[in-house]
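This report concerns only the one structure given below.
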Amino acid sequence: MNLIRAAFLFTCYFCSTLCLAQLHGPGRVPAGTGATLQAAGSGSSILYIYGPGGAAKRTVQRGAINLPGEELQVAGRYIAIIDGNSVSFFVTPASLQNISFVARPSRVPAAAKGAVQGSAFLFDAFQNLYLPTTKVSFRLGTQGSAGEDRTVSSNQGVAWVQLDSGRRGGPADFAVYSEGASVRRIVQQVAADPCGIHMKALPASDGNILVETDPILDCAGNAVPDGTIVTFTSIDASGRSTVDARIKRGFASAELPSAPVATLLVAAGVVQGNEIHWGGVR
Amino acid sequence: MNKILPAVLIVLAAALVAAATIRSSALAPATTPEGAVQSLLGHVKNHDAPAAYRYVAKQSNTPFPDFLRDVFGQDSNLRTYSSLQVFNTRVLHEDDREASVRASLQWASAVGAVYDTRDMKVVREDTGWKVIWPVAVQPKVPPQVIPVNYLRWDIVTRGSDDDWGAQNVDAPRVRIISMNPVEKDGNFILLGEIENEDTVPGFVSVQATLIGKDGESIAQEESFDKISHILLPKEVSPFRIDFPNMSRDRVQSVHLQPNAMLVAASADPVIGVLHQALQKDSSGHAVLVGELLNQSGQTVNIPHVLATFYDNAGKVIWVSDGYVDQSLAPQTPVAFSIGVRDDLAAQVHTYRVTVNQYSRDRIQ
Amino acid sequence: MIPYASRLVALLVLLGCLFAEPAMSERSPQVMLSFDATSASPRRVEESTSRAIQRDYAHAWQSMTSALAENRGDLLNQDFTGTARRQLRDAVEAQKQGGLSRRIIDHGHRLRVTFYSLDGSALEADDTVDLEIQYLAGDKLLSSERIPSHYVVLLTPSENSWKVRVLQELPQP
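Chains as they are written, first to last, in the working numbering: chain A, 198 to 479; chain B, 81 to 444; chain C, 58 to 230.
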């Protein structure tokens with residue numbers, strides 16, 4: 198009798214551990230939140246769990262098996278295996294927490310059409326791409342100007358925008374907002390090409406020709422930055438003389454060699470300025 | 081053993097006497113004008129300045145320190161990093177009292193071979209033929225304070241860690257504004273100009289890939305030193321890329337890749353290029369001559385002149401360059417001369433000269 | 058003497074070749090990949106970029122397959138960056154500690170570009186992939202499954218290739 202009882206108990210135990218062992222998972226769980234697996238039967242077994250950012254092996258008691266949130270931070274498919282039984286479940290992204298904002302370019306000519314571009318990549322706190330469609334707002338503005346706002350819907354965790362640069366030079370705030378997360382970038386709006394360079398020529402104290410431009414501005418009225426090259430050229434009987442002067446405090450100047458008659462030219466990059474006939478008849 | 085040592089000493093003494101004799105014969109007075117030039121240049125080649133100076137005519141009025149400076153350099157100029165490798169001489173004119181000898185010199189320098197042709201006047205003195213070696217008097221810059229308040233651009237970039245999407249500063253925008261492929265002596269050459277369109281300085285280079293008839297890349301070269309690498313905002317540089325032994329027939333198309341990097345730079349120094357003119361040199365070859373004037377307060381050690389030549393349609397037809405072996409002292413004009421292709425000289429309608437500079441003590 | 062030495066060297070070289078670790082391309086079979094960039098916006102994917110993406114993304118799967126099978130995190134460096142590299146390296150480290158591994162048999166991908174940024178600095182795509190995955194503890198096969206999977210992928214360019222920055226599997230719709 199004892200033998201039969203023992204055989205029955207062993208069969209029950211065997212079946213509970215092997216034959217009837219079943220595993221249930223949570224289906225879907227947000228990243229960073231704990232989950233519970235249900236393993237039928239009792240006693241201890243080895244749990245294997247494989248996920249996109251980890252893997253683990255540990256001894257667990259059957260029944261409700263708790264998986265801590267720290268093990269479930271990476272979004273994707275997980276598989277839990279106990280005694281040959283397996284269950285898959287998905288960790289989905291948590292709430293929107295971070296935005297990677299790629300703003301281009303870092304410098305942009307003023308008043309340029311569609312020159313400012315921004316791409317926002319939405320992430321949760323664990324750097325999982327936040328995939329639900331959500332409203333994303335972009336704003337580009339300089340101090341003292343109304344700026345430009347644009348709101349778009351994200352698609353698979355990405356939102357993008359293309360905006361015109363402002364007419365005024367200087368640092369512009371380029372910001373993106375969504376569900377409480379925000380990121381700000383600085384886009385330096387710089388003067389575009391010089392617009393109508395004008396120079397004048399005077400005799401220098403040492404007999405040379407002193408050439409000097411008016412303040413050099415772009416077509417929107419922004420001062421072309423200091424350090425920009427302005428080439429002065431003098432063509433006279435002895436040949437051609439050039440000085441690559443730099444704009445300093447808004448204008449450029451240089452001394453060209455003395456000559457009774459000379460043609461004076463000025464240019465910055467591919468933009469030509471006025472021409473002066475020095476000592477000759479215009 | 082006692083007898084061997086004195087014998088060795090005697091032999092050694094004899095050898096030394098012989099060596100001294102040979103040396104004195106090497107410094108023997110030159111009996112011909114060409115011999116004088118050859119002796120002088122031979123000693124320059126051997127870095128023996130005192131010996132070379134013995135062949136300099138008194139009427140040169142060139143003190144030894146000036147001769148030394150002229151031949152072996154100063155202020156870390158290019159001549160300081162050069163040595164005379166090869167020279168050839170040819171008598172142009174000779175009579176009893178004086179002669180004219182043309183010397184073609186090849187210097188090995190830090191920037192490659194430098195060629196020079198010098199017509200030297202040789203005169204007969206009591207101690208043989210001597211070379212007139214005039215040295216341009218270096219004007220002394222009067223003590224003064226030259227205020228330099230040009231811009232410097234410094235850069236703060238983000239760290240090297242992977243902070244993707246974080247704020248950063250872009251490389252400068254550069255643009256190739258012209259390009260002209262030419263073939264010369266079996267070489268395929270790309271000429272053109274590149275402009276820094278941005279408001280920040282850039283380190284630029286141009287890489288060219290030649291695509292063959294089958295669509296495959298057949299050669300790749302870079303502009304190397306035929307370009308101004310540091311371009312300030314709106315600065316334009318010529319570039320020239322040489323493909324040796326490459327026929328134009330083999331080339332289907334050309335891919336030009338301008339590269340630009342944001343670099344810290346200074347807007348100083350300004351170097352004026354004065355009195356530029358196309359001339360013929362003593363050999364009858366076309367050259368572009370002029371003067372460089374360093375308008376800053378620091379010496380520019382090695383100036384590098386780049387010239388762009390245009391035809392009457394404004395197309396770049398040649399780019400040539402040359403290193404000036406003198407340094408540029410502040411406010412002191414220094415002459416330069418760079419070669420122009422003789423076959424193109426007649427087509428040159430206009431030209432533009434830019435100057436690269438390498439300065440030892442300057443922080444870029 | 059010399060011929061004998063030469064033969065010995067040749068034999069050693071031959072043995073070295075036989076026992077040397079094969080290159081990754083030999084370890085992991087070629088990845089089959091169909092590529093569709095017609096839905097890409099706001100920028101059209103250039104022909105050269107298309108070729109580069111297909112080459113680099115296929116190579117990334119080969120690297121990942123090898124890294125997870127052999128528990129070698131270094132194999133990920135060439136093709137992964139940022140979050141994807143960190144997560145996969147963590148997975149490899151954890152497998153190594155537990156004596157675990159997983160073997161992926163890749164039956165092919167359908168990659169469809171959904172986003173290509175205006176400045177060309179990021180490209181996002183959907184990947185529908187047919188995978189067979191074997192989970193192992195030591196040499197013991199714990200479980201095996203063949204499943205159609207759906208990934209969202211974010212790639213960014215590096216010096217000379219595109220690297221996977223995000224590789225995130227999505228639940229079946």
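All C-beta atoms, glycine included, are put in the ideal place defined by N, C-alpha and C.
Return the residues of the region 383-417 of chain B that lie within a Cβ-Cβ distance of less than 8 Å from chain A, sorted by chain order. none
Could you list the residues in the region 341-367 of chain B with a C-beta less than 7 Å from some C-beta on chain A, going in chain order? Ala347, Val350, Gly352, Val353, Leu354, His355, Gln356 and Ala357
On the criterion of 16 or more Cβ atoms from any shown chain inside 10 Å, does alanine 300 of chain A qualify as buried, or is it exposed? buried
In three-state DSSP terms, what is histidine 116 of chain C? helix
Between which two residues does the beta strand (DSSP E) containing leucine 319 of chain A stretch? 313-321
Identity of the residue in A/Pro400, A/Lys397 and A/Asp423 nearest alanine 388 of chain A by Cα: A/Asp423
DSSP state of alanine 437 of chain B mapped onto helix, strand, coil: A small correction: the amino acid at residue 437 of chain B is glutamine; alanine does not occupy that position in the sequence shown. Glutamine 437 of chain B: strand per DSSP, three-state reduction.
To the nearest angstrom, how far is it from the Cα of arginine 112 of chain C to the Cα of aspartate 136 of chain C? 11 Å
With 16 other Cβ atoms within 10 Å as the buried cut-off, status of alanine 110 of chain B: buried
Leaving out five residues before and five after isoleucine 226 of chain B in sequence, what residues of the same chain have Cβ atoms less than 6 Å from its Cβ? Gly377
Hey, is glutamine 152 of chain C's beta-carbon within less than 8 Å of any beta-carbon in chain A? yes
Have a look at threonine 230 of chain A and glycine 266 of chain A and give me their C-alpha separation to the nearest angstrom. 4 Å
Any chain B beta carbon closer than 8 Å to alanine 309 of chain A: no
Near-chain C residues of the region 241-260 of chain A (beta-carbon distance less than 9 Å), N- to C-terminal order: Ile243, Tyr245, Tyr247, Gly248, Pro249, Gly250, Gly251, Ala252, Ala253, Lys254 and Arg255
Contact set for serine 362 of chain A: own chain, Cβ-Cβ below 7 Å, skip 5 residues either direction: Val305, Pro306, Ala307, Ala308, Ala309, Ala312, Val313 and Gln386
Under 6 Å Cβ to Cβ from arginine 170 of chain B, same chain only, skipping five residues before and after it: list those, please. Arg182
In chain B, what lies closer than 9 Å to asparagine 441 of chain A by C-beta? The residue asked about is misnamed: residue 441 of chain A is aspartate in this sequence, not asparagine. Chain B residues near aspartate 441 of chain A: Leu312, Glu315, Val350, Ile351, Gly352, Val353, Thr434 and Val435.
Along the beta strand (DSSP E) that carries serine 258 of chain B, what are the first and last residues, could you check? 254-264
What separation, rounded to the nearest whole angstrom, lies between the Cα atoms of glutamine 300 of chain B and valine 433 of chain B? 27 Å
Measuring straight from C-alpha to C-alpha, what distance separates alanine 218 of chain A and tyrosine 247 of chain A? Low confidence applies here, because alanine 218 of chain A scores a pLDDT of 46, under 50, leaving its location unreliable; read the following figure in that light. In a straight line, the C-alpha of alanine 218 of chain A is about 19 Å away from that of tyrosine 247 of chain A.
Comparing C-alpha positions only, which one of A/Glu452, A/Asp441, A/Arg443 and A/Thr430 sits nearest to threonine 460 of chain A? A/Thr430
Tell me, please, whether the CB atom of leucine 326 of chain A is closer than 8 Å to any CB atom in chain C? yes
Reference glycine 208 of chain B; option with closest CA among B/Glu178, B/Trp187 and B/Pro222: B/Glu178
Give a yes or no on whether the minimum CB-CB distance between aspartate 278 of chain B and chain D is below 8 Å. The displayed structure is made up of protein chains A, B and C, and chain D is not among them.
Proximal residues to methionine 58 of chain C (C-beta, below 7 Å), its chain only, five neighbours per side dropped: Its pLDDT being 36, under 50, methionine 58 of chain C is placed unreliably in this model, and the coordinates cannot settle the point.
Contiguous alpha helix (DSSP H) assignments of at least 4 residues, all confined to the region 93-166 of chain C: 104-127 and 139-155
Looking at C-alpha atoms only, which residue of C/Ser96, C/Thr213, C/Tyr192 and C/Leu212 is the closest neighbour of arginine 203 of chain C? C/Tyr192
Return the bridge partner residues of isoleucine 397 of chain B from the DSSP annotation. Looking at the DSSP assignment, isoleucine 397 of chain B forms no beta bridge with any residue, so it has no partner.
Neighbourhood of serine 346 of chain B by C-beta distance below 6 Å, restricted to the same chain and skipping five residues each side: Arg232
Specify, as a first and last residue, the run of the alpha helix (DSSP H) that glutamine 118 of chain B falls within. 113-125
In the DSSP assignment, find the unbroken beta strand (DSSP E) run with aspartate 423 of chain B in it and report its ends. Counting along the chain, aspartate 423 of chain B falls outside any beta strand (DSSP E), though it belongs to the alpha helix (DSSP H) covering 422-425.
Would you identify the three-state DSSP class for valine 151 of chain B, choosing helix, strand or coil? helix
Does the contact criterion of 3 or more C-beta pairs under 8 Å hold for the region 249-264 of chain A versus the region 146-159 of chain C? yes
Would you list, in chain order, the members of the region 355-368 of chain A that have their beta-carbon closer than 9 Å to a beta-carbon of chain C? Val355, Trp357 and Gln359
How about the region 303-319 of chain B and the region 356-376 of chain B: do they share at least three Cβ pairs that are nearer than 8 Å? no
Going straight from the alpha carbon of glutamine 54 of chain B to that of glutamine 224 of chain B, what length do you get? No answer is possible for residue 54 of chain B: it lies beyond the span of chain B, which begins at 81 and ends at 444.
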